Amino acid sequence: MESTQLRQHILITFCLWLSIALLGGCVSINIPKSEAVKASNIQFSPPSTPYIRIDLDELDNTWKNPSNGNTISFLSNCNDPSDPSLKGIRTEIIARIENSKIENESYFNYNNRGALRSQITGRVEGVSTQFDVVILKKNSCIYIINYVGSEKSYQVDLETFNNFIEGFKVQ
246 MESTQLRQHI LITFCLWLSI ALLGGCVSIN IPKSEAVKAS NIQFSPPSTP YIRIDLDELD
306 NTWKNPSNGN TISFLSNCND PSDPSLKGIR TEIIARIENS KIENESYFNY NNRGALRSQI
366 TGRVEGVSTQ FDVVILKKNS CIYIINYVGS EKSYQVDLET FNNFIEGFKV Q
């Protein structure tokens, strides 16, 4: 089950990254394709034990709770020639989740900017999954911080994710 949940998280996170990378192509066919540039102005404390770091090239950082497969990750893109809205980014994310439903959504002040936080339910590879996604745009960069867990284990690490969000600082 853990490897399935990790595959789910990698799939969803890759789709998140891909949606950001492709949004420029949706705006205009004349926009040149460019490589995503990761932000270098981020400060954070990794999620606490039992989370372990996993190296994935497509993401800035990813951690997994080996006992239940829940994952926390973030990615940044500082080379997007388009200027997608927070809701536009979220729409691209949920379009890739089967039977997706936004359970809760709110705008809030985060890192001295407006951000969007969405709690989403859906199915990935037939497994009921919950997602908590924070989207922030600051200093020409897009940041997506997410937490993914199966329906039965999602609540277990939600506080860990909330603590991660509190400690995530963009200069």
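Going letter by letter, the sequence shown gives residues 246 to 416 in this note's numbering.
Cβ atoms here follow ideal geometry from the backbone N, Cα and C, with glycine treated the same way.
Predicted, not measured: the structure shown is a model, and the values here were computed from it.
How big is the Cα-Cα spacing for residue i and residue j?
| i | j | result |
| --- | --- | --- |
| G270 | E396 | Residue placement at G270 is flagged as unreliable, the pLDDT there being 29, under the threshold of 50; the coordinate-derived value follows with that caveat. The alpha-carbon atoms of G270 and E396 are separated by roughly 34 Å. |
| N391 | G367 | 15 Å |
| I297 | N408 | 16 Å |
| S363 | R341 | 15 Å |
| Y388 | S373 | 25 Å |
| Q288 | N357 | 15 Å |
| I365 | K346 | 6 Å |
| K332 | N324 | 19 Å |
| F406 | Y355 | 15 Å |
| L301 | Y352 | 29 Å |
| S385 | E337 | 19 Å |
| Q400 | I299 | 21 Å |
| P329 | N349 | 21 Å |
On the premise that residue j lies in contact with residue i, defined as a C-beta separation below 8 Å, what is that separation, rounded to the nearest angstrom?
| i | j | result |
| --- | --- | --- |
| N310 | D402 | 6 Å |
| S398 | N313 | 4 Å |
| R335 | L304 | Their Cβ separation, rounded to whole angstroms, is 18 Å, which puts R335 and L304 out of contact at 8 Å. |
| G412 | S327 | In fact, because the Cβ distance is near 29 Å, the residues do not count as touching under 8 Å. |
| P379 | I410 | With the sequence shown as reference, residue 379 is identified as Val, and Pro is not the correct amino acid for it. Indeed they touch by this definition, with Cβ atoms about 6 Å apart. |
Determine the contact status of residue i and residue j, defining contact as a CB-CB distance below 7 Å.
| i | j | result |
| --- | --- | --- |
| K283 | S321 | yes |
| S318 | T307 | yes |
| G359 | Q375 | no |
| Q416 | N315 | no |
Does DSSP put residue i in a helix, a strand or coil?
| i | result |
| --- | --- |
| L417 | Nothing about residue 417 can be read from this structure; the chain reaches only from 246 to 416. |
| E337 | helix |
| I347 | strand |
| I410 | helix |
| D402 | helix |
State the beta-bridge partners of residue i as determined by DSSP.
| i | result |
| --- | --- |
| V415 | I287 |
| T206 | Here the chain covers residues 246 to 416 and nothing more, so residue 206 does not appear. |
| R358 | Y355 |
| Y388 | S321 and L381 |
| R298 | W308 |
Less than 6 Å separating the Cβ of residue i from some heavy atom of the ligand GDP?
| i | result |
| --- | --- |
| A340 | This structure does not include the ligand GDP; it has no bound ligands of any sort. |
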